[in-house]
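*Asks:* Residue numbers (the working numbering), protein chains in the order written: chain Y, 57 to 380; chain G, 126 to 393. Questions regarding the structure given below will be posed in turn.
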Amino acid sequence: MQASFLFNHGHHSIFTAILNGLSIGSVYAIFALGYTLVFSILGIINFAHGAIFTLGAYFSYTLTGGAFGFNGLLANASLPIHLPFLFALVLGSILAGIASVIVERLAFRPLRKRGADPLLTLVSSLGAAVVIVNVIQYLVGSEIYTFPSDIYGRLPASINFGTVERPIAIRTVQIVIFSVSALIVSILTYFINFTRFGKALQAVSEDAITASLLGINTEKFITFTFFLSGFLAGLAGTLVGSSVSIAGPYFGIAFGLKGLGVIVLGGLGNIPGAVLGGLVIGLAEAFVPADYSGYKEAIAFALLFMMLLVRPQGLLGRSVIQKV
Amino acid sequence: MATGIIEARMEQHGQFPLLEVQQVTRRFSGLVAVNQVSFTVAQGDIFGLIGPNGAGKTTLFNVITGLIPPSSGQLIYQNQRITKLQPHRIAAKGIARTFQNLRLFGNLSVLENVAIARHTHRRSGLVQEILRTPRAIAEERQTHLKALELLAWVGLAEKAEQTARNLSYGDQRRLEIARALAVEPRLLLLDEPAAGMNPNEKAALSQLIRQLRDAFNLTIVLIEHHVPLVMGLCNQIAVLDFGQLIAIGQPEVVRQDPAVIAAYLGKE
């Protein structure tokens, strides 16, 4: 017997699996960071996050000049512009951020102003998600859209990390995804820990009332947090969409559930936890052999479930008992 | 010129009104927590707000700082109506407070707790902060120094780098005062600043409050249960009982008021 059925495909495949796992895991991480930011400031899960992810992917696709199919209201339409992928990525994510702010204004703020139980916003954000998904479906149909294959310009489709005899080919997309995600996580970590805005955000998340009494406009920070969260979702949506394809308006729903798994694994509201959780789930999935790839979600969630039996507060979360 | 002199004299005698509470009522589903309360706090006052538990003192602080709107009545601060303003706007106008049940940012350092209250006094933008431009760095250093200066006032300069939640109870109370000062208030509301302190600490706190008033040109309203401290420190005292103002005046007058003796002091 080999060491394990997971590792019987040779060492350079392990290397490939690690790189692929880090790549997808880093997307999980930036997506989950969006959940975690909103959770840490409002104490609730934004169920529209997965829908914003989808929206971001469609925005970027449109901005690269991608045309729509023949099912929706916008059948065969496309923008006259063809932005380079990286521009479309940033602009599409900014638009996703704006959409997220609109969701906050419509589904969160009115309830908050009336002093409603924060749990009710679970339902209103779920409602916002359903509306977004249906509007997408109405406008562009439910076909699968694929980004043009030349989105990285002159970069080759894959890069060989091995030798000529024993190639270890990693798709350029995966490298771009990992680099963009790592850059974003670094900027965000720096922003939160070392800028006055990040410090103020921490203060609002720890105690919004006290922060407001110190002159901090908490509503402005909530708006900003939703923008950031939507931006991250849009980024993740575009990266995943460009790596595989945009699999229709429901594209973000399954991803949204996985993002929930990631933040639970890392510890709710914990920023390094979201990153670690994303990488762990990404790696766990990458080591599922190709024959079983249809079950990789189930395997990832089974691991999550087992982990929670041991550490219910998540990998980096504070113990629930301490919090009370 | 002449008016300037008169004004200065009025300020010195505590006659210039800084905060006017006018007929303020606050109800909570049937319960009247604050009932038709009116009083004026003059510039430079150390104004004591006393009364039994549940008399409505903290509710009144919450109304003044904008955390909860009054059911009726008006709040006038520096001749401006602040009744409907949001908390952060009221803070920006120069009203800061501390809390009876400490509300520090426990995960942040002592210094960061104070620095955060400087947020609205800072000018550097998001991009400048992320890129750490010379201006952002200079401002950061300035904030740091200002925070250290305030911590020195309350005797916490040496503990600047500690995590706030690890401070002793008395230190946490003093940190809340330093943090409130960082807002650059003209009016400082202290909610039971001496709670949980021993007699020596209480005496030192009285001293500190007076020094801060003089050094920062403050007007102070404080809620306190410890009667000797209030009597020794305040030049004006208002007594609340079941949400109603039952007496107001100088300590020696309030002390002899039969209604006050019956409601509060008599129980001592």
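Using N, Cα and C, we set each Cβ at its ideal position, and we do this for glycine too. All of these numbers come straight from a predicted model, not from anything done at the bench.
Let me check one thing: in DSSP terms, what residues is G:T288 bridge-paired to?
*Replies:* By 1-based counting over the second sequence, the position of residue 288 of chain G is 163. Per DSSP, G:S234.
*Asks:* Buried or exposed, going by whether 16 or more other CB atoms sit within 10 Å of the CB of G:K209?
*Replies:* Your numbering for residue 209 of chain G matches position 84 in the second sequence. By the 10 Å Cβ count, G:K209 comes out exposed.
*Asks:* Evaluate G:L314 with the Cβ neighbour count: other Cβ atoms within 10 Å of its Cβ, from every protein chain shown; 16 or more gives buried, anything less gives exposed.
*Replies:* Walking along the second sequence from the start, residue 314 of chain G turns up at place 189. It counts as buried.
*Asks:* For the stretch 249 to 264 of chain Y, which residues have a beta carbon sitting closer than 7 Å to at least one beta carbon of chain G?
*Replies:* Cβ contacts with chain G come from T251, R252, F253, K255, A256, Q258, A259, E262 and D263.
*Asks:* Can you pull the chain Y neighbours of G:F230, defined as C-beta to C-beta under 8 Å?
*Replies:* Walking along the second sequence from the start, residue 230 of chain G turns up at place 105. The contacting residues are Q258, A259, E262, D263 and T266.
*Asks:* What residue range is occupied by the uninterrupted alpha helix (DSSP H) comprising Y:Y246?
*Replies:* Counting from 1 along the first sequence, the entry for residue 246 of chain Y is found at position 190. Unbroken alpha helix (DSSP H) run through Y:Y246: T228 to F250.
*Asks:* Strictly under 8 Å for the Cβ-Cβ distance: is G:G190 near chain Y by that measure?
*Replies:* Start at 1 with the first residue of the second sequence, and residue 190 of chain G comes out as number 65. The residue you asked about is not Gly; residue 190 of chain G is Thr in the sequence shown. Chain Y, which has a Cβ nearer than 8 Å to the Cβ of G:T190, makes this yes.
*Asks:* As an exercise, report each continuous beta strand (DSSP E) stretch of at least 3 residues that is fully enclosed by the stretch 134 to 211 of chain G, in chain order.
*Replies:* If we require 3 residues or more, the beta strand (DSSP E) runs fully inside the stretch 134 to 211 of chain G come out as 142 to 153, 156 to 167, 171 to 175 and 197 to 202.
*Asks:* Given that a residue counts as buried once 16 or more other Cβ atoms are within 10 Å of its Cβ, and exposed if not, what is Y:I243?
*Replies:* What you label residue 243 of chain Y is simply residue 187 of the first sequence in a count that begins at 1. Exposed, by the Cβ-count rule.
*Asks:* Closer than 7 Å by C-beta to G:G198: which residues in its own chain qualify, once you throw out the five before and the five after it? Chain order, please.
*Replies:* Position 73 of the second sequence, counted from the first residue, corresponds to residue 198 of chain G. Closer than 7 Å at Cβ, skipping near neighbours: Q147, Q148, V149 and T150.
*Asks:* Does DSSP classify G:V308 as helix, strand or coil?
*Replies:* Translated into the one-based positions of the second sequence, residue 308 of chain G becomes position 183. The answer is coil: DSSP assigns G:V308 none of H, G, I, E or B.
*Asks:* May I ask you to report which of helix, strand or coil DSSP gives G:G321?
*Replies:* Mapped onto the second sequence, residue 321 of chain G falls at position 196. In this structure, G:G321 counts as coil in the three-state DSSP scheme.
*Asks:* Rounded to whole angstroms, how far is the Cβ of G:V159 from the Cβ of G:G368, which I believe are closer than 8 Å?
*Replies:* Walking along the second sequence from the start, residue 159 of chain G turns up at place 34. Walking along the second sequence from the start, residue 368 of chain G turns up at place 243. Between G:G368 and G:V159 the Cβ distance is about 5 Å, and since that is below 8 Å, they are a contact.
*Asks:* Looking at the strands, I want to know which residues DSSP matches up with G:Q361.
*Replies:* Along the second sequence, one-based indexing puts residue 361 of chain G at 236. G:F172.
*Asks:* Find the residues of chain G that neighbour Y:G286, judging by a C-beta separation of less than 7 Å, and give them in chain order.
*Replies:* Reading the first sequence from its first residue, position 230 is the one you call residue 286 of chain Y. In chain order: nothing, as chain G lies at least about 17 Å away.
*Asks:* Would you list the one or two residues that DSSP bridges to Y:Y201?
*Replies:* Taking the first sequence and counting its residues from 1, the one referred to as residue 201 of chain Y is at position 145. BP columns for Y:Y201 point to Y:I302.
*Asks:* Which class does G:I131 belong to by DSSP, given the choice of helix, strand or coil?
*Replies:* As a position in the second sequence, residue 131 of chain G is number 6, starting the count at 1. Confidence at G:I131 is low in this model, with a pLDDT of 47, below 50, so the placement of that residue is unreliable and no value is reported for it.
*Asks:* Look at the Cβ atom of Y:A330, then the Cβ atom of Y:G322, and state whether they are nearer than 8 Å.
*Replies:* Here residue 330 of chain Y refers to the residue found at position 274 of the first sequence. Here residue 322 of chain Y refers to the residue found at position 266 of the first sequence. Result yes, Cβ atoms of Y:A330 and Y:G322 sit closer than 8 Å.
*Asks:* By the 10 Å Cβ neighbour count, where 16 or more other Cβ atoms means buried, how is G:R206 classified, buried or exposed?
*Replies:* The residue labelled residue 206 of chain G in the question sits at position 81 within the second sequence. It counts as exposed.
*Asks:* Based on Cα-Cα distance, which residue from Y:A259, Y:F307 and Y:T279 lies nearest to Y:I272?
*Replies:* Working through the first sequence from its first residue, we reach residue 272 of chain Y at position 216. Closest by alpha carbon: Y:A259.
*Asks:* CB-CB under 7 Å to Y:L195, same chain, minus the five flanking residues each way: which ones, in chain order?
*Replies:* On the first sequence, position 139 is the one that residue 195 of chain Y refers to. These residues qualify, in order along the chain: G128, L129 and L130.
*Asks:* If the cut is a Cβ gap below 8 Å, which residues of chain Y does G:L281 touch?
*Replies:* In the second sequence, residue 281 of chain G corresponds to position 156, counting from 1. Per Cβ cutoff of 8 Å: no residues; G:L281 is ~17 Å from chain Y at best.
*Asks:* Only counting the same chain, and skipping five residues up and downstream in sequence, which positions put a Cβ closer than 8 Å to that of G:E254?
*Replies:* Here residue 254 of chain G corresponds to residue number 129 of the second sequence, with the count starting at 1. If we look at G:E254 and ignore the five residues flanking it on each side, its Cβ neighbours are A261.
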